[in-house]
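Residue numbers (this note's numbering): 360 to 525. Heads up, the thing below is written out as structure tokens.
See the structure below:
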């Protein structure tokens, strides 16, 4: 059974400004640099076209940093490939993401929406975690989503700081 969670990052900047950040490779490099404080990360692919933004990020989490329950399943460092796509800029920008782990016990995916608010903009992410292991799957799904919210919170702070500096 899959579990879902929503997270909304609220910015005092317009959707145009947030989208411009998403379309700027230096923004992604700054975001990855901040995340390197926690684990090894890098931008594998970045492309901006008239139809939108596509990127691939790699996150490497040492097995020793994983919770005990996750270490029982994962025998090596956790290598996460995260693919994100955002459509062309418009009233509401929509996007998708998926995170995969080679030989991993499940998957993580979601949708994103960037839209205007009275005070700036919001980037809402709806995520779904599925783990295909009997008995501990639900615990791992919940753990994934809790950690994902922490990740999104950090990324939102990096985005707000990056935008404020421009």
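Even glycine gets a Cβ: it sits at the ideal position worked out from N, Cα and C. Quick caveat, the model's predicted, so the values are computed rather than measured.
Just how far apart, CA to CA, sit residue i and residue j?
i: residue 435; j: residue 485; result: 28 Å
i: residue 423; j: residue 429; result: 10 Å
i: residue 417; j: residue 442; result: 9 Å
i: residue 520; j: residue 501; result: 29 Å
i: residue 461; j: residue 455; result: 20 Å
i: residue 493; j: residue 385; result: 42 Å
i: residue 373; j: residue 475; result: 7 Å
i: residue 425; j: residue 491; result: 18 Å
i: residue 389; j: residue 523; result: 13 Å
With a CB to CB cut of under 8 Å and the five nearest residues on each side skipped, what residues in its chain are close to residue i?
i: residue 419; result: 398, 399, 400, 436, 437, 438, 439
What are the start and end residues of the beta strand (DSSP E) that includes residue i?
i: residue 340; result: Residue 340 lies beyond the stretch modelled for the chain, which goes from 360 to 525, so this question has no answer here.
i: residue 412; result: 411-420
Could you tell me which of the options sits nearest to residue i, measuring between CA atoms?
i: residue 480; options: 451, 498, 415, 459; result: 451
i: residue 453; options: 460, 444, 494, 459; result: 444
i: residue 383; options: 370, 487, 408; result: 408
i: residue 468; options: 487, 385, 515; result: 487
i: residue 459; options: 514, 503, 368; result: 503
i: residue 496; options: 431, 371, 370; result: 431
i: residue 381; options: 482, 395, 478; result: 482
i: residue 370; options: 506, 421, 478, 427; result: 478
What are the boundary residues of the alpha helix (DSSP H) that residue i is part of?
i: residue 498; result: 496-523
i: residue 441; result: Segment 437-446 is the beta strand (DSSP E) holding residue 441; no alpha helix (DSSP H) there.
i: residue 394; result: 384-394
Excluding sequence positions up to five away, which residues of its chain have a Cβ less than 7 Å from the Cβ of residue i?
i: residue 387; result: 402, 405, 414
i: residue 378; result: 448, 452, 473
i: residue 411; result: 444, 445, 446, 447
i: residue 515; result: 368
By Cβ distance below 6 Å, which residues in the same chain neighbour residue i in space, the five residues on each side in sequence not counted?
i: residue 393; result: 517
i: residue 489; result: 361, 465, 466
i: residue 366; result: 484, 508, 511
How about residue i: is its C-beta nearer than 9 Å to some C-beta of chain B?
i: residue 470; result: You won't find chain B in this structure, because it holds only one protein chain.
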